[in-house]
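Participant:
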Amino acid sequence: MTPDERFGDALRSRREAANLSLSGLAALTHYGKGHLNGVENGRRPAVRELALRCDVALDAEGELLALAPPLSPPPSSHASQPPRAAAQRRPVLAEAESPPEYGAEFDRLIRGGDARYAAGAMREADRWYLAAYRTAAGDARAQAYAVVRCARRWSDPGQADRELPRLLRGALAALDGDASPAAGGLRLQLNAHLAKKLSTAVGEDTAAPWAGPEQGARQAARTLRELRGLPPERRLSLSAEARCEVLAECRWGLYDFAPAAELLTVAEELQDAAARARSAHFHGEALVALAVDQLRAGRVDSALATVERHRAHAARRRSALTTWQQSTLDTLLDLWRGRFEEAADWIFGESRAIVERLEADLTVPADTLRRTRLGQAYWLLREQGRVAELFDSGSADGVAWRAGLILALCETARYDRARDQLAAFAQDTRGFTTLPPHGWSVPTVTLLAEAYTKLAQRAPAGSQLPPVSTQLRDRLAPHTSELALAGRPTVLLGPASRASGLLALAENEPARALHHFWHAARLARSSPPLMARLRLDEARAHLHTPTPGSRRTATTLLTTALRSAEDLGMATVAQECSALLPQTT
13 MTPDERFGDA LRSRREAANL SLSGLAALTH YGKGHLNGVE NGRRPAVREL
63 ALRCDVALDA EGELLALAPP LSPPPSSHAS QPPRAAAQRR PVLAEAESPP
113 EYGAEFDRLI RGGDARYAAG AMREADRWYL AAYRTAAGDA RAQAYAVVRC
163 ARRWSDPGQA DRELPRLLRG ALAALDGDAS PAAGGLRLQL NAHLAKKLST
213 AVGEDTAAPW AGPEQGARQA ARTLRELRGL PPERRLSLSA EARCEVLAEC
263 RWGLYDFAPA AELLTVAEEL QDAAARARSA HFHGEALVAL AVDQLRAGRV
313 DSALATVERH RAHAARRRSA LTTWQQSTLD TLLDLWRGRF EEAADWIFGE
363 SRAIVERLEA DLTVPADTLR RTRLGQAYWL LREQGRVAEL FDSGSADGVA
413 WRAGLILALC ETARYDRARD QLAAFAQDTR GFTTLPPHGW SVPTVTLLAE
463 AYTKLAQRAP AGSQLPPVST QLRDRLAPHT SELALAGRPT VLLGPASRAS
513 GLLALAENEP ARALHHFWHA ARLARSSPPL MARLRLDEAR AHLHTPTPGS
563 RRTATTLLTT ALRSAEDLGM ATVAQECSAL LPQTT
């Protein structure tokens, strides 16, 4: 009997024992009924990914995974092949490297956890990893390995995870004094995970020094330096997967404290390391990180190509979370490009069902997923001039992002509340000085600048604005070449330089405003909605410029912006253009 036939027999036995039809198993594993029938009959190969999903779906406790064929070895030299043929050979992506030889039971539990993690059942995976941790009592390296696996658990930003930092610190203490290369690699991974946990243990709009994000970022920077400074012999002894882990976790640990361009370099390094590791898990991590940093750095065309590569990866993985990541990226780009109907189909359709299913199944903590969905819904309604629906439906109560809520208050003429909220935000963050220098603070300050501008333009006469313009301008200054990306990722808000231009306009400096808008347009050319807003902004600046031809230029800009806004269904922008056009004559 061939290995494929042995696997097929075991799969059929497990499926029938579970009283599950082929159709039922297909629904659970996202493989076709015909494909599964071929596997059971030995006509199709038992690939590792299918074995992982079937093992989880049938609760086979590693039996099916153990029957899967071993991972393909790294391709050897192909000197005899033509260079073109060798260049076209693609590496086989594995789920993860095999665990070290820490014992058969430990190995079974780690593999069982890996199977559940790959299927998106993170809480179940955590249970298996913790069982492996307990089984390895007395073996510091084995326990550290299990803790590293636990630390991959999905974490909601802003939710302090007290158990994992305790496990990470305990594992580090247990390895103290172990000078072996294996222990050194584990220490790097543990420190990288601890850095990320500390850095993300703060809400997006909470400046809480006790939460430790600065400490986490410093630790991430130290760990990254240590990784890059390893001597050649130590570098060779570090597994490819461990290198991926350190790069991925340190990058997130530095997300709010390092420039986008610097993190783009780390993401590119991670992509290369994932290819060398032949790891499907880190291949996906690298593609998402790369797309995020390309967007933040203003390289939208490059990000589009990366998103397409992630689409192929998601099709191979077929997991709910990978599908979610792909759909989130697609919707972000739909909103950027003005494809509002396509965005609405996902936001108000399938995304709701996925969040509810994942939450009901306790597969992952769903708070981040809910916030991503709400953030995209908010931006869609904002683009369409329907922000009032947030308040009418009660959804505004769920907008945890204070800057977004302040802008929504401005756009629904709740100026007094918006002014009070903006003043409170400035006070809570000491004039925005306690916000981190990068990351989530960039979209936050971008939205606050737009809200301040709307208050300056539309608030009732006599309303006193909070004195925050200078502070906002200073916070935006280092980011004029970047796009403000909300979430990780949720919505691409547009160039930070546009926000700087809006502040200049509010301060009655039209020449400086036009300078910023010109820079913003260079980054926003691929976004029809943003170009419509930018032309409206430029028209306002020209109307404040007492130079020959300024009104004629404003007329042209407003006419073009009005036409685009009407085509896209951007009701508020269209109304503002129509209201300003009579002033140009």
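If you're matching positions, the sequence shown starts at 13 in our numbering and goes up one per residue. Backbone N, C-alpha and C fix where the C-beta goes; we use that ideal spot for every residue, glycine too.
Who does Ser475 pair with in a DSSP beta bridge?
Facilitator: The residue labelled residue 475 in the question sits at position 463 within the sequence shown. DSSP, once it has assigned bridges, lists no residue as partnering Ser475.
Participant: Counting along the chain, where does the alpha helix (DSSP H) carrying Leu546 start and finish?
Facilitator: Looking up residue 546 in the sequence shown gives position 534. Pro540 to Leu555 is the extent of the alpha helix (DSSP H) around Leu546.
Participant: Give me the residue from Tyr464, Ala301 and Pro540 with the minimum Cα distance to Ala279.
Facilitator: Taking the sequence shown and counting its residues from 1, the one referred to as residue 279 is at position 267. For Ala279, the nearest C-alpha among the options comes from Ala301.
Participant: Quickly, what does DSSP pair Pro507 with across the bridge? List them, please.
Facilitator: Counting from 1 along the sequence shown, the entry for residue 507 is found at position 495. Paired residues: Leu495.
Participant: With 16 as the cutoff for other CB atoms within 10 Å, does Asn203 come out buried or exposed?
Facilitator: Against the sequence shown, residue 203 aligns to sequence position 191. The residue in question, Asn203, is buried, as its Cβ has 16 or more Cβ neighbours within 10 Å.
Participant: Checking 9 Å against the spacing of the C-beta atoms, do Ala511 and Val457 come in under that value?
Facilitator: By 1-based counting over the sequence shown, the position of residue 511 is 499. By 1-based counting over the sequence shown, the position of residue 457 is 445. Taking 9 Å as the Cβ cut-off, Ala511 and Val457 qualify as a contacting pair.
Participant: Give me the Cβ distance between Leu467 and Leu477, rounded to the nearest whole Å; I'm assuming they're in contact under 8 Å.
Facilitator: In the sequence shown, the residue the question calls residue 467 occupies position 455. In the sequence shown, the residue the question calls residue 477 occupies position 465. Confirmed, about 6 Å.
Participant: Under three-state DSSP, which class holds Ser291?
Facilitator: Along the sequence shown, one-based indexing puts residue 291 at 279. Strand, per DSSP.
Participant: With H, G and I counted as helix, E and B as strand and the rest as coil, what does DSSP make of Asp404?
Facilitator: Start at 1 with the first residue of the sequence shown, and residue 404 comes out as number 392. Looking at Asp404 - three-state DSSP - the assignment turns out to be helix.
Participant: Flag this pair as yes or no: are the beta carbons of Leu495 and Leu307 separated by less than 9 Å?
Facilitator: Numbered from 1 along the sequence shown, position 483 holds the residue referred to as residue 495. Numbered from 1 along the sequence shown, position 295 holds the residue referred to as residue 307. Yes, the pair counts as a contact, with Cβ atoms nearer than the cut-off.
Participant: Hey, would you say Ser291 sits closer than 9 Å to Glu253, going by beta carbons?
Facilitator: Here residue 291 is taken as the residue at index 279 of the sequence shown, counted from 1. Here residue 253 is taken as the residue at index 241 of the sequence shown, counted from 1. Yes. Within cutoff.
Participant: Considering only the beta carbon of each residue, do Leu542 and Leu515 sit closer than 9 Å?
Facilitator: Sequence index remark: in the sequence shown, residue 542 carries index 530 (1-based). Sequence index remark: in the sequence shown, residue 515 carries index 503 (1-based). Against a cut-off of 9 Å, the Cβ pair of Leu515 and Leu542 comes out as no contact.
Participant: For the ligand COA, I want to know if Thr502 counts as a neighbour, meaning its beta carbon is within less than 8 Å of at least one of the ligand's heavy atoms.
Facilitator: In the structure shown, the ligand COA is absent, as is every other ligand, since no ligand is present at all.
Participant: Consult DSSP for Asp579 and reduce its assignment to one of helix, strand or coil.
Facilitator: Here residue 579 is taken as the residue at index 567 of the sequence shown, counted from 1. Here Asp579 sits in helix by DSSP.
Participant: Can you give me the C-alpha to C-alpha distance between Gly451 and Arg470, rounded to a whole angstrom?
Facilitator: The count along the sequence shown starts at 1 and reaches residue 451 at position 439. The count along the sequence shown starts at 1 and reaches residue 470 at position 458. In a straight line, the C-alpha of Gly451 is about 30 Å away from that of Arg470.
Participant: Between Gly228 and Asp188, what straight-line distance do the alpha-carbon atoms span, to the nearest angstrom?
Facilitator: Position 216 of the sequence shown, counting from 1, holds the residue named residue 228. Position 176 of the sequence shown, counting from 1, holds the residue named residue 188. Spanning the two alpha carbons is a distance of roughly 20 Å.
Participant: For His325, which of helix, strand or coil comes out of DSSP?
Facilitator: Indexing the sequence shown from 1 puts residue 325 at position 313. Helix, per DSSP.
Participant: When the Cα atoms are used, what is the spatial distance from Pro103 to Thr14?
Facilitator: Here residue 103 refers to the residue found at position 91 of the sequence shown. Here residue 14 refers to the residue found at position 2 of the sequence shown. Bear in mind that a pLDDT of 35 at Pro103, under 50, signals an unreliable position, so the number given afterwards is only what the model happens to contain. Those two C-alpha atoms are separated by around 25 Å.
Participant: At a cut of 8 Å, does the region 553-566 reach the region 515-524 through at least three beta carbon pairs?
Facilitator: Because the criterion of three Cβ pairs below 8 Å is met, the region 553-566 and the region 515-524 touch.
Participant: Could you say which of Ser539, Ala544, Pro540 and Ala508 lies nearest to His527 if we only look at CA atoms?
Facilitator: For the purposes of this step, residue 527 is taken as residue 515 along the sequence shown, with counting starting at 1. Nearest of Ser539, Ala544, Pro540 and Ala508 to His527, Cα basis: Ala508.
Participant: CA-CA distance, Ala332 and Thr568?
Facilitator: On the sequence shown, residue 332 is found 320 positions in, with the first residue counted as 1. On the sequence shown, residue 568 is found 556 positions in, with the first residue counted as 1. C-alpha separation (whole angstroms): 47 Å.
Participant: Sorted by chain position, which residues of the same chain lie with C-beta nearer than 8 Å to Asp138's C-beta, five sequence neighbours on each side aside?
Facilitator: In the sequence shown, the residue the question calls residue 138 occupies position 126. Answer for Asp138: Gly125, Cys162 and Arg165, listed in chain order.
Participant: If you run the structure through DSSP and keep just helix, strand and coil, what is Asp440?
Facilitator: Taking the first residue of the sequence shown as 1, we reach residue 440 at position 428. Helix, per DSSP.
Participant: Would you call Pro193 buried or exposed, if buried means 16 or more other Cβ atoms sit within 10 Å of its Cβ?
Facilitator: One-based indexing of the sequence shown puts residue 193 at position 181. Exposed, because fewer than 16 other Cβ atoms sit within 10 Å of the Cβ of Pro193.
Participant: Using the Cβ count rule (16 or more neighbours within 10 Å means buried), how would you classify Pro501?
Facilitator: Against the sequence shown, residue 501 aligns to sequence position 489. When all chains shown are included, Pro501 counts as buried.
Participant: Which whole-angstrom value is the C-beta distance of Leu282 and Ala298, which I expect to be below 8 Å?
Facilitator: Residue numbering aside, residue 282 sits at position 270 when the sequence shown is read from its first letter. Residue numbering aside, residue 298 sits at position 286 when the sequence shown is read from its first letter. That belief holds up - the Cβ atoms of Leu282 and Ala298 are roughly 4 Å apart, short of 8 Å.
Participant: Does Ser84 pass the burial test, meaning 16 or more other C-beta atoms within 10 Å, or should it be called exposed?
Facilitator: Against the sequence shown, residue 84 aligns to sequence position 72. Note on Ser84: pLDDT 39, under 50, position unreliable in the model; no value is reported.
Participant: Among residues of its own chain, excluding the 5 on either side of Arg545, which ones have a beta-carbon nearer than 7 Å to its beta-carbon?
Facilitator: Sequence index remark: in the sequence shown, residue 545 carries index 533 (1-based). Here the set comprises Val585.
Participant: Taking buried to mean at least 16 other C-beta atoms within 10 Å of its own C-beta, is Asp336 buried or exposed?
Facilitator: Looking up residue 336 in the sequence shown gives position 324. Note that residue 336 is Trp in the sequence shown here, rather than Asp. Counting Cβ neighbours within 10 Å, Trp336 comes out buried, since at least 16 surround it.
Participant: Considering only the alpha carbon of each residue, which of Ala69, Arg26 and Ala130 lies closest to His615?
Facilitator: Any answer about residue 615 is impossible in this case: the structure gives the chain only from 13 up to 597.
Participant: At which residues does the alpha helix (DSSP H) containing Thr335 begin and terminate?
Facilitator: Here the question's residue 335 lines up with position 323 in the sequence shown. Note, Thr335: alpha helix (DSSP H), Ala332 to Arg349.
Participant: Given that a residue counts as buried once 16 or more other Cβ atoms are within 10 Å of its Cβ, and exposed if not, what is Arg394?
Facilitator: Looking up residue 394 in the sequence shown gives position 382. Counting Cβ neighbours within 10 Å, Arg394 comes out buried, since at least 16 surround it.
Participant: So Glu434 and Ala463 are in contact, right, with Cβ under 8 Å, and what is the actual spacing, rounded?
Facilitator: Here residue 434 refers to the residue found at position 422 when the sequence shown is read from its first residue. Here residue 463 refers to the residue found at position 451 when the sequence shown is read from its first residue. For the record, residue 434 in the displayed sequence is Leu; it is not Glu. Confirmed, about 6 Å.
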